[in-house]
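**Q**
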Amino acid sequence: MSNDDSTQGQLTRVLARKDVLALAFGAMIGWGWIVLTGSWIQSAGSLGAITAFLLGGLVIVLVGLTYAELASAMPQVGGEHVYSYRAMGHFASFLCTWAITLGYVSVVAFEAVALPTVVEHLFPNYAVGHLWTIAGWEVKATWVAVGVAGSVAMMWVNYVGIRTAALLQKVVTLLILVVGIMFITGALFEGERATMEPLFNVREGVIGGVMMVIIMVPFMFVGFDVIPQAAEEINLPFREIGRVLMISVILAVFWYSFIILGTSLMLDPEALAASSLAVPDAMQAAFQAPWAGTLMILAGIAGIVTSWNAFYVGGSRAIYALAHSGMLPAWLGRLHPKHRTPTNAILVMGLLSCIAPLFGRPALVWLVVAGGLGIVIAYLFVAISFVVLRRREPEMERPFRVRHGKLVGALSVILSLCLIGMYLPGSPAALSSVEWVMFAGWMLIGLALYAWSRARYGTAYSDTMMNRELAGADPYPGR
């Protein structure tokens, strides 16, 4: 398939290098750094928190390398869906893709809750009109309205075309970078080395403190995997797809490390303990002006938008890929005749995002944690696919070829298993019973749809569609 192929039945290759980089980097930075940086420093110490992100980032880099090679070798929509099918077959491909779809849906739904929550920091007490209470959380009408409005706006952006989504992503990511550079520069000039003490949390134990932060690191880097999902819309030499993916991960490692450094330079332990949003408070301290803190909150809102937008792209393409290959109902695999977007899949994502605020914040936290398990399961499937295809198809063209593939593959499998272990009983990040019910419910819904689709289309149909994709042909000629 040519690099500029845009025939009638296909997605179009329009994303340039900056678009792809903004898509992945914006997905990874999100809103979490605004809320959690203070607790990271308190848990591990300033240098301990930075160490945790460097070590955790190394894990993600290793997993990312397997993605980078496979994405350049098989630049088709769906990413993990294609790799796991080629390596392990029909059912494994469905499980892998449906699991990561839960992760994408959970993030899209949660951002619809994050937006009205952060608006409260700009307009205190704006939430009025009590609707009901869920898990002790009072759901209010104006709060829900902000979340639904944001969901509809993001759905429209993605509906009208990948170009619109990419433009939004570039502009908003640039805003975040500008504010972040302002903050880091100000902290380096105005901060004091003494405020960084303690460098490590000796009271909790150096290793224990670092581990308390490391278990959060994989969740903060979720998003680089959006690149493989949209691979069929990337207009780059295939080798560059792998390179851009790795650059985005490395940039995110530096971003988190420097944000921690800047915050610890500006806020001592007492100030951190008293702060609800440490990074905006540190920004205000660096410039000694309230507007600086507000600007950082706006950067946090921008992070919500970039993450929201990117996971709309990733989730809708994963659903489209499953439907396109006969593993979900066919209507989810339709493209808009003008915009060339998987419109029905986007509408499903939008519907789920619109109803999310009705359940309040606690319920959506449960969903995000359950979705995290789905994402790391997909990481494991991709790592196994990398190992299997290196052994079974050593001559397959790999424009971005990872050095020391056997070692990288083995480490990626082991580390992915460790990530999954973090969700199991006995781990500090273990899923609660409610979260297990959510995860199991999602998988059962998927299996029911898969069984219906298999009965309706048969695996032979799916195999034909997937083989046409892998061969670079249009699965629906003349459509």
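Residue numbers are given in numbering that gives the first Met the number 0: position 108 of the sequence shown equals residue 107, and the series is strictly consecutive.
Glycine included, each C-beta is placed from N, C-alpha and C at the ideal position.
None of the values given here were measured: they were computed from a predicted structure.
Counting along the chain, where does the beta strand (DSSP E) carrying residue 10 start and finish?
**A** It is not in any beta strand (DSSP E) - residue 10 carries neither H nor E in the DSSP assignment.
**Q** How long is the line joining the alpha carbons of residue 343 and residue 56, rounded to whole angstroms?
**A** Spanning the two alpha carbons is a distance of roughly 35 angstroms.
**Q** Can you name, in chain order, every residue of its own chain whose Cβ lies under 7 angstroms from the Cβ of residue 329, other than the five neighbours on each side?
**A** If we look at residue 329 and ignore the five residues flanking it on each side, its Cβ neighbours are 322.
**Q** Among 32, 308, 28, which has the Cα closest to the Cα of residue 164?
**A** When each option's Cα is compared against that of residue 164, the closest is 308.
**Q** Can you tell me which of 66, 211, 231 puts its alpha carbon nearest to the alpha carbon of residue 248?
**A** With distances taken between Cα atoms, residue 248 lies closest to 66.
**Q** Quick check on DSSP: helix, strand or coil for residue 383?
**A** Note: residue 383 maps to helix in three-state DSSP.
**Q** Which of helix, strand or coil does DSSP assign to residue 137?
**A** Correct three-state label for residue 137: strand.
**Q** With three or more C-beta pairs closer than 8 angstroms as the rule, is the segment 211–229 touching the segment 366–379?
**A** Contact between the segment 366–379 and the segment 211–229 is present, because at least three Cβ pairs lie under 8 angstroms.
**Q** Alpha helix (DSSP H) containing residue 239: first to last residue?
**A** Taken as a continuous stretch (DSSP letters only), the alpha helix (DSSP H) holding residue 239 covers 237–265.
**Q** Does the distance from the C-beta atom of residue 284 to that of residue 262 stay below 7 angstroms?
**A** Their beta carbons are not under 7 angstroms apart, which means residue 284 does not touch residue 262 by this criterion.
**Q** Less than 8 angstroms between C-beta atoms, sequence neighbours within five positions excluded: which residues of the same chain meet that for residue 127?
**A** Same-chain partners within the cutoff: 139, 140, 141.
**Q** Count the C-beta pairs between the segment 44–58 and the segment 373–387 that are closer than 8 angstroms, then say yes if the count reaches three, no if not.
**A** Touching, no.
**Q** Going by C-alpha to C-alpha distance, which of 146, 121, 68 sits closest to residue 353?
**A** Among 146, 121, 68, the Cα nearest to that of residue 353 belongs to 146.
**Q** Rounding to the nearest angstrom, what Cα-Cα distance links residue 190 and residue 265 in this structure?
**A** Those two C-alpha atoms are separated by around 5 angstroms.
**Q** Leaving aside the five residues before and after residue 332 along the sequence, list all residues of the same chain whose C-beta is less than 6 angstroms from its C-beta, in chain order.
**A** For residue 332, where only same-chain residues beyond five positions count, the Cβ hits under 6 angstroms are 319, 322, 323.
**Q** Tell me where the alpha helix (DSSP H) around residue 97 begins and ends.
**A** 89–121 is the span of the alpha helix (DSSP H), which, as asked, contains residue 97.
**Q** Which residues in the same chain have their Cβ closer than 7 angstroms to the Cβ of residue 116, if we skip the five residues on either side of it in sequence?
**A** Result list for residue 116: 360, in chain order.
**Q** Pull up the distance between the alpha-carbon of residue 475 and that of residue 403, whole angstroms please.
**A** A caution first: residue 475 carries a pLDDT of 34, below 50, which makes its placement in the model too unreliable to give a value.
**Q** What are the residues that DSSP puts in a beta bridge with residue 129?
**A** Answer is 139, bridged to residue 129.
**Q** Roughly how many angstroms separate the alpha carbons of residue 436 and residue 310, rounded to a whole number?
**A** Using only the alpha carbons, I get a separation of about 23 angstroms.
**Q** By how many angstroms is the C-alpha of residue 93 removed from the C-alpha of residue 171?
**A** Each residue's Cα considered, the two are about 33 angstroms apart.
**Q** My output table needs one value for residue 33: the three-state DSSP class, helix, strand or coil.
**A** Helix at residue 33.
**Q** If you draw a straight line from the C-alpha of residue 441 to the C-alpha of residue 100, how long is it?
**A** Residue 441 and residue 100: Cα-Cα distance of roughly 10 angstroms.
**Q** What separation, rounded to the nearest whole angstrom, lies between the Cα atoms of residue 98 and residue 288?
**A** When rounded, the distance between both Cα atoms is 45 angstroms.
**Q** On the three-state DSSP scale, how would you describe residue 49?
**A** Reduced to three states, the DSSP call for residue 49 is helix.
**Q** Would a C-beta distance cut-off of 7 angstroms place residue 234 and residue 14 closer than the cut-off?
**A** A contact, by the Cβ cut-off of 7 angstroms.
**Q** What do you get for residue 80, buried or exposed, if any count of 16 or more other CB atoms within 10 angstroms of its CB means buried?
**A** Buried is the call here.
**Q** Please name the residue, chosen from 114, 155, 271, 131, that lies closest to residue 350 on a Cα-to-Cα basis.
**A** The shortest C-alpha separation from residue 350 is found at 155.
**Q** Rounding to the nearest angstrom, what Cα-Cα distance links residue 239 and residue 31 in this structure?
**A** So the two alpha carbons sit approximately 29 angstroms from each other.
**Q** Go ahead and pull the three-state DSSP assignment for residue 233.
**A** Looking at residue 233 - three-state DSSP - the assignment turns out to be strand.
**Q** Just tell me which of 132, 173, 82 has its CA closest to the CA of residue 230.
**A** Looking at the Cα atoms, 82 is the closest of the given residues.
**Q** Among 243, 77, 452, 58, which one has its Cα closest to the Cα of residue 95?
**A** The candidate whose alpha carbon is nearest that of residue 95 is 77.
**Q** Exposed or buried, what is residue 426 when buried is set at 16 or more other beta-carbons lying within 10 Å of its beta-carbon?
**A** Answer is exposed; the Cβ neighbour count stays below 16.
**Q** Could you tell me whether the Cβ atoms of residue 327 and residue 446 are closer together than 7 angstroms?
**A** Result no, Cβ atoms of residue 327 and residue 446 do not sit closer than 7 angstroms.
**Q** Cutting at 6 angstroms between CB atoms, please list the residues of its own chain near residue 18, excluding the five before and the five after it.
**A** Excluding residues within five positions, the ones whose Cβ falls inside 6 angstroms are 165.
**Q** Would you kindly report the start and end of the unbroken alpha helix (DSSP H) that includes residue 172?
**A** Counting along the chain, the alpha helix (DSSP H) containing residue 172 begins and ends at 161–189.
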